[in-house]
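**Student:**
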Amino acid sequence: MIRRGTSFAAAVAVSACLALAGCSADDGPKLSVSGAFMPQPVDDMAAGFLTVENSGGTADRLTSVTSDIADDVTIHESKNQRMREVTSFDIPADGALALERGGNHIMFMALKQRPEQGDKVAIELHFEKSDPITVEIPVKETTYRPQQH
Ligand code: CU
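Residue numbers (the working numbering): 6 to 154.
In structure tokens form, the structure reads like this:
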């Protein structure tokens, strides 16, 4: 009798927990990276593009990018054909951050070596909440554009 009452109370507590946002420990951002590429650089700077998807119920922010290929790696937005450095990009809950040609991008300055098509460049993405993610970015031809659909 007492045992049954206890387990019933426990079951109620669990379902109440699931119903309340923020109760579960894994309700944070759930990030994954896709579609990364770097156009083969023609001088000592390069750009990187990728998409960070967030299937979690909490927003996060991309705060910085690091790589062995350059000490000077920043994140840029493009507006009215001009680009400027930003301190972070939003990654909305149940949404995505798209870094793509003509828009937001990763900028590598003063490359220590110049990667060529077929190479892979390792970068580390740093976030406000989530653990860093390492991505091997494939280097594509200079004019490469991913397939649109
Ligand atoms: Cu830029």
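Every residue gets a Cβ at the ideal spot worked out from N, C-alpha and C, and that includes glycine.
Rounded to the nearest angstrom, how far is the Cβ of residue 101 from that of residue 57, given a contact under 8 angstroms?
**Tutor:** 6 angstroms
**Student:** Starting from residue 139, trace the beta strand (DSSP E) in both directions and tell me its first and last residue.
**Tutor:** 138-145
**Student:** Give the straight-line distance between the Cα atoms of residue 95 and residue 123, rounded to the nearest whole angstrom.
**Tutor:** So the two alpha carbons sit approximately 30 angstroms from each other.
**Student:** So, with DSSP's three-state summary, where would you put residue 76?
**Tutor:** In this structure, residue 76 counts as coil in the three-state DSSP scheme.
**Student:** At what residues does the beta strand (DSSP E) containing residue 44 begin and finish?
**Tutor:** 36-44
**Student:** Please look up how many angstroms separate the CB atoms of residue 142 and residue 75, rounded, as I've assumed it's under 8 angstroms.
**Tutor:** Their Cβ separation, rounded to whole angstroms, is 12 angstroms, which puts residue 142 and residue 75 out of contact at 8 angstroms.
**Student:** Helix, strand or coil: how does DSSP classify residue 125 here?
**Tutor:** The DSSP-derived three-state label of residue 125 is strand.
**Student:** At what residue ranges does the segment 49-76 contain a whole run of the beta strand (DSSP E), taking only runs of 3 or more?
**Tutor:** 51-59 and 65-72
**Student:** With three or more C-beta pairs closer than 8 angstroms as the rule, is the segment 111-118 touching the segment 65-84?
**Tutor:** yes
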